[in-house]
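Worksheet: one structure, shown below.
Numbering (the working numbering), first residue to last: 252 to 764.
What follows is the structure, encoded as structure tokens:
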């Protein structure tokens with residue numbers, strides 16, 4: 252061992268320094284509050300004994316920071332989740348707020364590059380105070396940023412997931428906005444800059460919650476999919492999301508066994524959907540009946556609620572369910588709902604997930620507020636996305652499908668398979684509204700003539716003529732819907748490319764809001 256003793260002793264010392272992480276008092280406070288530290292998060296989410304760390308001995312670039320920057324505040328490397336390789340970076344907020352700096356950004360770049368080049372998902376978890384200010388001040392500080400032209404370029408070669416578990420500013424916010432799925436612990440904050448910096452900049456007080464709390468991001472901005480009470484629940488959600496994803500864009504998602512009893516609930520589907528088109532119901536319950544038992548994983552459930560998006564399985568195969576939801580705004584898609592649908596189409600197409608559209612839509616929610624929120628632009632973004640989607644698209648119209656929304660929800664040539672229930676009603680607008688617009692007749696002026704015209708328009712909107720002209724592949728008994736979708740999903744497999752689509756939207760923005 253001559254000649255090795257001192258170097259090995261030094262290596263042991265440096266490793267122990269890195270493993271100890273940042274300020275002991277901050278780590279103790281996190282423990283007392285029931286929060287996981289950076290390394291405990293890795294232990295929790297990764298398969299046991301699979302983590303391979305890189306950059307463990309990295310320190311801050313500035314000499315005066317090296318004694319207090321173990322692993323430079325970001326623990327990064329590779330491990331396995333359910334036996335599949337992932338790349339992961341866990342921020343150690345106890346080390347200078349896990350601030351982004353020259354050396355730890357090199358580490359993040361390495362992990363990110365390997366995921367993209369070698370084909371495995373990437374996870375970013377924890378919290379960050381933003382840029383490390385001493386590294387960034389003045390002209391020299393500006394020169395160290397933007398050295399990696401691809402740092403914020405997302406080509407969707409592999410899925411990304413983010414868990415925001417504390418104060419998240421700067422790069423931790425940027426990575427969340429680039430991710431495919433984002434969760435947040437309740438009490439965490441996500442924003443461009445802290446409330447203190449923001450208050451100084453705008454010269455008015457602002458709270459962390461108002462600036463970027465979980466309620467705002469899950470209900471208003473739509474940047475976060477869902478919020479949970481604990482770190483563990485957030486990490487569990489990331490694992491569940493990855494279970495629906497392929498490791499990379501050139502393969503299909505994993506196929507699982509079909510749980511027993513998956514075919515049973517469909518017999519009661521007509522109890523969920525009222526025959527009267529004016530009565531509301533929750534489309535999620537329809538999806539849960541059609542999908543394999545226990546497989547439905549909703550995304551952004553609290554945002555754009557007139558549209559529902561969920562991952563699920565049909566006969567063991569992952570599909571993306573896109574449905575209008577009459578329980579909210581009658582199912583009329585508002586600007587947030589349009590953006591939600593667009594983002595979901597991009598996600599599914601990027602990762603070879605067939606799309607099932609369940610339609611009961613009266614049109615788009617129009618009005619002054621919608622126009623102010625750029626409704627026309629968001630409608631056409633959705634239209635563009637569905638036109639560019641190359642994975643199989645299967646559409647079933649349950650009740651109504653009116654106006655431009657008929658096209659956006661898979662009508663005409665925007666589906667590979669188009670089917671209707673006998674209760675389907677397809678037209679430019681609701682028959683009662685149509686009578687007023689087309690014939691200028693109001694119910695209160697001539698009730699008898701009004702009802703006669705409504706009946707005529709309703710007859711014209713019935714599904715039978717659509718089937719006669721073979722503009723629909725079939726009209727199906729509602730109880731046949733699950734079997735029909737499973738059969739047609741098999742027909743529509745992309746056999747020539749082993750299930751891989753063309754990915755025409757791989758460069759679309761990840762935050763389509």
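The C-beta atom is built at its ideal place from N, Cα and C for all residues, glycine as well.
**Q.** Which of helix, strand or coil DSSP assigns to residue 608
**A.** strand
Q. Hey, would you say residue 606 sits closer than 8 Å to residue 573, going by beta carbons?
A. yes
Q | Contact under 8 Å by Cβ, residue 730 with residue 483 | A | no
Q) DSSP puts residue 341 in a beta bridge; with which residues? A) 326 and 376
**Q.** Simplified DSSP assignment, three categories, for residue 295
**A.** helix
Q.
Measuring straight from C-alpha to C-alpha, what distance separates residue 662 and residue 413?
A. 34 Å
Q.
Relative to the C-alpha of residue 340, which candidate in 422, 259, 571 and 406 has its C-alpha closest?
A. 422
Q.
Would you say residue 618 lies against chain C (beta-carbon separation less than 8 Å)?
A. The question asks about chain C, but that chain is absent: this structure has only one protein chain.
Q.
Based on DSSP bridge pairs, tell me the residues matched to residue 371.
A. DSSP output for residue 371 lists no bridge partner at all.
Q. Would you say residue 563 and residue 591 are within 8 Å of each other, going by their C-beta atoms?
A. no
Q.
What does the alpha-carbon distance come out to for the pair residue 351 and residue 289?
A. 15 Å
Q: Report yes if the C-beta distance between residue 378 and residue 419 is below 8 Å; otherwise report no.
A: yes
(Q) I'd like to check one pair, residue 473 with residue 600: are the Cβ atoms closer than 8 Å? (A) no
Q | Cβ shell of residue 534 (< 8 Å), same chain only, five flanking positions each side left out | A | 559, 574, 575, 576, 577, 578, 582, 609 and 611
Q: Quick one: give me the first and last residue of the beta strand (DSSP E) that residue 442 is part of.
A: 440-442
Q) With respect to the beta strand (DSSP E) encompassing residue 411, which residues constitute its N-terminal and C-terminal limits? A) 411-420
(Q) Here's a check: name, in chain order, each residue in its chain whose Cβ is nearer than 6 Å to the Cβ of residue 273, leaving out the five neighbours to either side. (A) 343, 345 and 346
**Q.** Cβ neighbour criterion (16 or more within 10 Å) applied to residue 452
**A.** exposed
Q) What is the C-beta distance between residue 771 and residue 327, in whole angstroms, given that I count them as a contact (C-beta under 8 Å)? A) No answer is possible for residue 771: it lies beyond the span of the chain, which begins at 252 and ends at 764.
Q) Under 8 Å, do residue 434 and residue 477 count as touching if we go by C-beta distance? A) yes
Q: Check each candidate in 550, 494, 594 and 653 and name the one with the smallest Cα separation from residue 568.
A: 494
Q: Grab me the residues of residue 297's own chain with a C-beta within less than 8 Å of its C-beta, minus the 5 sequence neighbours each way, in chain order.
A: 330, 331, 332, 337 and 339
Q | residue 440 vs residue 459 beta-carbon contact at 8 Å | A | yes
Q.
Could you give the first and the last residue of the continuous alpha helix (DSSP H) run that contains residue 452?
A. 446-453
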